[in-house]
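Student: Quick note: to get my numbering, add 417 to the position in the sequence shown (first position is 1).
Take this structure first; my questions come after.
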Amino acid sequence: MKIVVVGRNGQIGWELRRSLLCLGEVVALDRSVIDMSRPKTIAPALEQHRPDVIVNASAYTAVDQAESEEALATVVNGTAVGELAQVARRLGALLIHYSTDYVFDGRSSEPYREAMSTAPVNAYGRSKLAGEQAIAQAGGDWLVFRTAWVYGSRARNFARTIANAALERDMLRVVADQFGTPTAARTLADVTAHVVRLAGLERRAGTFESGVFHLTARGRTSWHGFAEKVVAYARTHRGDDVRTTVVTPISASEFAAPAARPTYSALDCSRFDARFGVARPQWEVPLELVMEEMWVGSYARP
418 MKIVVVGRNG
428 QIGWELRRSL
438 LCLGEVVALD
448 RSVIDMSRPK
458 TIAPALEQHR
468 PDVIVNASAY
478 TAVDQAESEE
488 ALATVVNGTA
498 VGELAQVARR
508 LGALLIHYST
518 DYVFDGRSSE
528 PYREAMSTAP
538 VNAYGRSKLA
548 GEQAIAQAGG
558 DWLVFRTAWV
568 YGSRARNFAR
578 TIANAALERD
588 MLRVVADQFG
598 TPTAARTLAD
608 VTAHVVRLAG
618 LERRAGTFES
628 GVFHLTARGR
638 TSWHGFAEKV
648 VAYARTHRGD
658 DVRTTVVTPI
668 SASEFAAPAA
678 RPTYSALDCS
688 RFDARFGVAR
698 PQWEVPLELV
708 MEEMWVGSYA
718 RP
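So this is what it looks like as structure tokens:
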């Protein structure tokens, strides 16, 4: 099996380079080869490698910045993803793509199921929804995994931001009225490897079905709860180096981010569980492992 990973240096892409190794030949491409802001770079690179599986771990993820760069976000997350899907169909390759909980408006009182209506409240969510729609329209064999609050020991993300701030500030102020599920990039990569193997068996047996699935860790929390866990784990590994003694809950309106975010965006992953049979971890478990790696490996500083 030959697998191409698009976006080798991102949070998920980095972890995929490890998790997919046992499944066959892995070719991980960076922006110098496939630049998702330039969709015309996609077909020549993929046609050169002619993979069996394409995993797209590349995305425009600057949620607030997307409010002023919606055209660029839409090219990267929408137009280019559609081109990936078209090329995958022509090559007979399986396409796996990651989307977001931000395709929903956050007004639900229960975890979102795949069939529930999408209604993004920000430019980032609209751009990711455009990518989902482009994949479905392209046809072929594909899987879209909507995930949420992705973090890891590399790149810029909420967990690393809080970990760094905990070394510098006595008090942190974090939004407490938005709820979702922190999901480690490592978890997504490990689960993706299982799915790639299983999907290969299904495709050979003629039983494969494309679709959108929700995929996060188990449980849910607020950004404030997430931050409190990061600080606690940081204290475990750095002791008195951690200055933060108080994590103060604030409202989203007090924080006043440029982009609106869903108030509640927990995802119901039962359909994924039934299809792929993976034991997803409670969200706190991989966070502790990532924090340990972050400090032991000196990854906390960008």
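Each residue gets a CB set at the ideal place from its N, CA and C atoms; glycine is no exception.
#1: May I ask you to report which of helix, strand or coil DSSP gives Ile451?
#2: Hey, does Glu705 have any beta-carbon neighbour from chain C nearer than 8 Å?
#3: What's the C-alpha gap between Glu645 and Ala497?
#4: Apart from the five residues just before and just after Gly427, which ones in its own chain have a Cβ nearer than 7 Å to its Cβ?
#5: Determine the extent of the alpha helix (DSSP H) in which Thr653 is found, giving its start and end residues.
#6: Spatial neighbours of Ser449 within its chain, please: C-beta separation below 7 Å, excluding the five flanking residues on both sides.
#7: Could you compute how far the alpha carbon of Glu484 sits from the alpha carbon of Pro537?
#8: Okay, do the stretch 549 to 559 and the stretch 499 to 508 touch, 3+ Cβ pairs below 8 Å being the bar?
#9: For Val613, does the three-state DSSP call read helix, strand or coil?
#10: Any contact of the stretch 577 to 591 with the stretch 661 to 668, i.e. 3+ C-beta pairs under 8 Å?
#11: According to the neighbour-count rule (16 or more other Cβ atoms, all chains shown, within 10 Å of its Cβ), is Cys686 buried or exposed?
#12: Pair every Cβ in the stretch 598 to 606 with every Cβ in the stretch 530 to 546, then say whether three or more of these pairs are closer than 8 Å.
#13: Per DSSP, Leu684 forms a beta bridge with which residues?
#14: Using a 10 Å radius around the Cβ and a threshold of 16 neighbouring Cβ atoms, would you call Arg435 buried or exposed?
#15: Find out if the Cβ-Cβ distance for the pair Val422, Leu433 is shorter than 8 Å.
#16: Can you tell me the Cα-Cα spacing of Arg524 and Asn539, whole angstroms?
#17: Suppose contacts are defined by Cβ-Cβ distances below 8 Å. Is Val472 in contact with Thr609 by that definition?
#18: Following the continuous alpha helix (DSSP H) through Pro666, name the residue where it begins and the one where it ends.
#19: When we look at the beta-carbon of Ser570 and count the other beta-carbons within 10 Å, is it buried (16 or more) or exposed?
#20: Helix, strand or coil for Arg571, going by three-state DSSP, please let me know.
#21: For the beta strand (DSSP E) containing Trp559, list its first residue and its last residue.
#22: Could you give the residue range of the beta strand (DSSP E) that holds Thr517?
#23: Does DSSP classify Leu440 as helix, strand or coil?
#24: What residues are listed by DSSP as bridge partners for Gln699?
#25: Give me the Cα-Cα distance between His514 and Glu626, rounded to the nearest whole angstrom.
Tutor: Let's see:
#1: Residue state, collapsed to three classes: coil.
#2: Absent from the structure is chain C; it holds one protein chain and no more.
#3: Straight through space, the alpha carbons of Ala497 and Glu645 are spaced by roughly 37 Å.
#4: Ala474, Ser475, Ala572.
#5: In the DSSP assignment, Thr653 falls within the alpha helix (DSSP H) that extends over 640 to 655.
#6: If the five residues before and after Ser449 are omitted, its C-beta is found closer than 7 Å to no C-beta atom of its own chain.
#7: Roughly 12 Å between the two C-alpha positions.
#8: The answer is yes - the stretch 499 to 508 touches the stretch 549 to 559, with three or more Cβ pairs under 8 Å.
#9: Of the three classes helix, strand and coil, the one that applies to Val613 here is helix, per DSSP.
#10: The answer is yes - the stretch 661 to 668 touches the stretch 577 to 591, with three or more Cβ pairs under 8 Å.
#11: In this structure Cys686 is buried. Its beta-carbon is surrounded by 16 or more other beta-carbon atoms within 10 angstroms.
#12: Output reads no: the stretch 530 to 546 does not touch the stretch 598 to 606.
#13: DSSP output for Leu684 lists Tyr529 as bridge partner(s).
#14: Classification of Arg435: exposed, given that the 10 Å Cβ count is below 16.
#15: The answer is yes: Cβ separation under 8 Å.
#16: Approximately 14 Å between the Cα atoms of the pair.
#17: Going by C-beta atoms, Val472 is nearer than 8 Å to Thr609.
#18: The continuous stretches of alpha helix (DSSP H) do not include Pro666, which lies in the beta strand (DSSP E) extending over residues 663 to 667.
#19: Ser570 is buried by the Cβ-count criterion.
#20: Residue state, collapsed to three classes: coil.
#21: Segment 559 to 564, the beta strand (DSSP E) holding Trp559.
#22: According to the DSSP assignment, Thr517 belongs to the beta strand (DSSP E) that extends over 511 to 517.
#23: Per DSSP, reduced to three states, the secondary structure at Leu440 is helical.
#24: In DSSP, Gln699 forms a bridge with Arg635.
#25: Spanning the two alpha carbons is a distance of roughly 15 Å.
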